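For what it's worth, the working numbering labels the leading residue of the sequence shown as 47, then goes sequentially.
The block underneath contains the structure these notes are about, expressed in structure tokens.
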Amino acid sequence: MKQNREFQFVYKRGKSAHAHSLVLFYLPSSHDKKIGYTASKKVGNAVIRNRSKRRLRALFSEYCDQMNDGQYILVAKAAISKTSYESLKYEYKKVLKKAGVIHG
Numbered sequence: 047m048k049q050n051r052e053f054q055f056v057y058k059r060g061k062s063a064h065a066h067s068l069v070l071f072y073l074p075s076s077h078d079k080k081i082g083y084t085a086s087k088k089v090g091n092a093v094i095r096n097r098s099k100r101r102l103r104a105l106f107s108e109y110c111d112q113m114n115d116g117q118y119i120l121v122a123k124a125a126i127s128k129t130s131y132e133s134l135k136y137e138y139k140k141v142l143k144k145a146g147v148i149h150g
């Protein structure tokens with residue numbers, strides 16, 4: 047996802063699940079998976095925001111096969127810069143289960 051209206055549509059119609067360092071917005075769809083990543087300036091400077099988004103992309107690619115089709119937005123919170131990758135992975139899986147996107 048790249049356009050603002052796509053993000054706004056998912057924010058308004060989708061459901062969300064929160065963790066300490068990330069938020070997942072999910073809107074079920076019969077089409078393929080679409081994903082968007084955001085990190086506000088609260089996360090840090092551009093280098094830290096981009097690193098945070100790269101980490102979120104890596105997590106998405108790791109669990110992509112287990113996830114339902116739909117539109118996803120992953121929002122990095124300020125705590126993501128201080129969170130280890132293993133902790134982030136645990137939080138991500140917990141958020142996916144909470145949103146009902148994966149099972150098990």
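We put the beta carbon where it would ideally sit given N, CA and C, even for glycine.
The structure presented is a predicted model; accordingly, all values stated were derived computationally and were not measured.
So, is residue i buried or exposed, given that buried needs 16 or more other C-beta atoms within 10 angstroms?
| i | result |
| --- | --- |
| residue 83 | buried |
| residue 103 | exposed |
| residue 93 | exposed |
| residue 118 | buried |
| residue 57 | exposed |
| residue 148 | exposed |
| residue 108 | exposed |
| residue 51 | exposed |
| residue 131 | exposed |
| residue 136 | exposed |
Per DSSP, what are the beta-bridge partners of residue i in this structure?
| i | result |
| --- | --- |
| residue 3 | The question about residue 3 has no answer, for the chain in this structure spans 47 to 150. |
| residue 62 | 71 |
| residue 85 | 122 |
Looking only at its own chain, which residues have a Cβ that is under 7 Å from the Cβ of residue i, when we skip the five neighbours before and after it?
| i | result |
| --- | --- |
| residue 141 | 63, 65, 68, 70 |
| residue 53 | 47, 82, 119 |
| residue 112 | 148 |
| residue 145 | 61, 63, 70, 72 |
Would you grab the beta carbon distance between residue i and residue j for me? Rounded to a whole angstrom, and I think it's under 8 Å.
| i | j | result |
| --- | --- | --- |
| residue 75 | residue 115 | 6 Å |
| residue 73 | residue 105 | Not confirmed; about 19 Å, so no contact. |
In its own chain, which residues sit with a C-beta less than 6 Å from the C-beta of residue i, not counting the 5 before and 5 after it?
| i | result |
| --- | --- |
| residue 80 | 47, 117 |
Looking only at its own chain, which residues have a Cβ that is under 8 Å from the Cβ of residue i, when we skip the five neighbours before and after it?
| i | result |
| --- | --- |
| residue 139 | 109, 148 |
| residue 89 | 95, 98, 122, 123, 124, 126, 127 |
With a threshold of 7 Å (Cβ to nearest heavy atom), would residue i be considered close to the ligand ADP?
| i | result |
| --- | --- |
| residue 120 | Because no ligand of any kind appears in the structure shown, any question about the ligand ADP cannot be addressed here. |
Would you be able to state if there are at least three C-beta pairs under 8 Å between the stretch 86 to 104 and the stretch 47 to 62? Too few Cβ pairs lie closer than 8 Å, so no.
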